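The structure under discussion appears below in the form of structure tokens.
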Amino acid sequence: MCTSILYSPKDNYFGRNLDYEIAYGQKVVITPRNYQLNYRHLPTQDTHYAMMGVSVVANDYPLYCDAINEKGLGIAGLNFTGPGKYFAVDESKKNVTSFELIPYLLSSCETIEDVKKLLSETNITDESFSKDLPVTTLHWLMGDKSGKSIVIESTKTGLHVYDNPVNTLTNNPVFPAQVETLANFASVSPAQPKNTLVPNADINLYSRGLGTHHLPGGTDSNSRFIKAAFVLAHAPKGNDEVENVTNFFHILHSVEQAKGTDEVADNVFEFTMYSDCMNLDKGILYFTTYDNNQINAVDMNNEDLDTSDLITYELFKDQAIKFEN
Ligand SMILES: C[C@H](CCC(=O)NCCS(=O)(=O)O)[C@H]1CC[C@H]2[C@@H]3[C@H](O)C[C@@H]4C[C@H](O)CC[C@]4(C)[C@H]3C[C@H](O)[C@]12C
């Protein structure tokens, strides 16, 4: 399972938990403006917006899991097995494979309005990158500097783009059905509840936090959707970068998966491999990983973005415990 959010206290922060059981050797990857972007069905782009995110690099191609561009547009791909469906090439549309979608959108769009326009003439095709890296069915959360986000879903009924009122995305079911379930938890609150159950009885509110008693805590995607939407909606808005990056990771870590809690096959467990937080306004990617709680960062503006080769940084690191004695 995965969870992605857009948090906008002042600057806008976009990112995700990547929960899975298979590591693909992801790195932090910057694609500079003059890296040649090739597509299966579209013309090569010799120059485009620079982008940065978490990616697998295969045959010198950036296979992004999530990324932002230099204009402050962010995107994350999350598993969407079941409802998700890609199509054969459609000559009346711009055809883009699912693994090209992130560079395709980030290379030329500045806002989610630009994305909506481009997607209205786009078909996502069902071709794989290679035999070893087959097609994965995803849906995507995208956010920009306006503080608004959209969800992109390609299903058997076609390509859909939904405005996202809660700036949160997890996995199944389809996004409109996910949003509908929020109603079941509408009374969840950070405040202590009023006794409307048996108003005449004197009910002892025996614990703090009883307003969240019905908040789901499971690792399933609907539970994480509700919980992340709640924690995000009530997150404080800090004044400085460190405070807001810290808040961001607390929101994501409220739905992270500890090893041993989500069994996907006999004795195989999904867990939160990494969490990232990308400042859309400043072009900085912060990250933590399962084995390293330290917040690490890469600032794309500290690189020469007018170059043509991919720039990579290690993502998975060892734990760094600071002994005090
Ligand atoms: C597994 C990841 C999604 C995590 C997630 O949503 N987990 C929930 C699992 S489930 O619902 O409970 O089954 C997805 C997100 C982005 C995906 C990667 C990106 O799409 C980039 C390439 C695309 C290639 O086609 C396959 C390898 C790959 C490198 C993908 C591997 C894998 O499918 C990733 C890493």
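full-length UniProt numbering applies: residue 1 is where the sequence shown begins, and numbers increase by one. We put the CB at the ideal spot given by N, CA and C, even for glycine. Keep in mind the model is a prediction, meaning the values are calculated, not measured.
Cβ pair residue i, residue j closer than 9 Å
i	j	result
Phe248	Tyr7	yes
Val28	Tyr313	yes
Asn293	Ser221	no
Tyr86	Thr125	yes
Asp299	Pro32	no
Ala67	Gly53	yes
Thr3	Asn79	no
Ile295	Thr246	yes
Ser275	Asn38	no
Asn12	Asp144	yes
Ala76	Trp140	yes
Ser107	His48	yes
Gly15	Tyr290	no
residue 355	Leu182	In the structure as shown, the chain starts at 1 and stops at 325, and residue 355 therefore has no counterpart that could be examined.
Val268	His250	no
Pro199	Pro9	no
Residue i: first and last residue of the uninterrupted beta strand (DSSP E) it sits in
i	result
Ile112	No beta strand (DSSP E) holds Ile112; the alpha helix (DSSP H) holding it covers Ile112 to Leu119.
Leu285	Ile284 to Thr289
Lys85	Counting along the chain, Lys85 falls outside any beta strand (DSSP E), and DSSP gives it neither H nor E.
Arg33	Run containing Arg33: none; DSSP gives neither H nor E here.
Val96	Lys94 to Thr97
Val264	Glu263 to Ala265
Ala67	Tyr61 to Asn69
Thr136	Neither: Thr136 is in no beta strand (DSSP E) and is coded neither H nor E.
Asn38	Looking at the DSSP string, Asn38 is not in any beta strand (DSSP E), and its letter there is neither H nor E.
Leu73	Where Leu73 is concerned, there is no enclosing beta strand (DSSP E), given that its DSSP letter is neither H nor E.
Ile124	Thr122 to Thr125
Assigned secondary structure, residue i (DSSP; H/G/I helix, E/B strand, else coil)
i	result
Tyr49	coil
Lys227	helix
Thr272	strand
Leu210	helix
Leu232	helix
Ser146	coil
Ala183	helix
Ser308	coil
Asn302	helix
Asn12	coil
Asn222	helix
Ser55	strand
Ser130	coil
Ala201	coil
Lys27	strand
His160	strand
Pro190	coil
Val151	strand
Asp19	strand
Ile5	strand
Glu324	coil
Asn171	coil
Euclidean distance between Cα positions of residue i and residue j
i	j	result
Glu263	Asp202	43 Å
Thr155	Arg208	43 Å
Asn167	Gly211	22 Å
Thr261	Glu270	8 Å
Thr97	Met142	18 Å
Lys93	Asn123	6 Å
Glu100	Gly82	21 Å
Gln45	Asn69	15 Å
Ser187	His234	14 Å
Tyr35	His41	18 Å
Pro103	Tyr64	8 Å
Ile311	His214	45 Å
Tyr24	Pro165	32 Å
Lys227	Leu169	11 Å
Thr307	Ala229	39 Å
Thr219	Leu252	13 Å
Asn325	Ala58	44 Å
Ala265	Val151	29 Å
Arg224	Gln257	10 Å
Extent of the continuous alpha helix (DSSP H) to which residue i belongs
i	result
Thr246	Glu241 to His253
Gln294	That residue, Gln294, is in no alpha helix (DSSP H); its beta strand (DSSP E) goes Asn292 to Asp299.
Ala177	Phe175 to Glu180
Leu101	Leu101 to Ser108
Residue i: CB within 8 Å of a non-hydrogen atom of ligand 3
i	result
Glu270	Ligands present in the displayed structure are limited to ligand 1, and ligand 3 is not among them.
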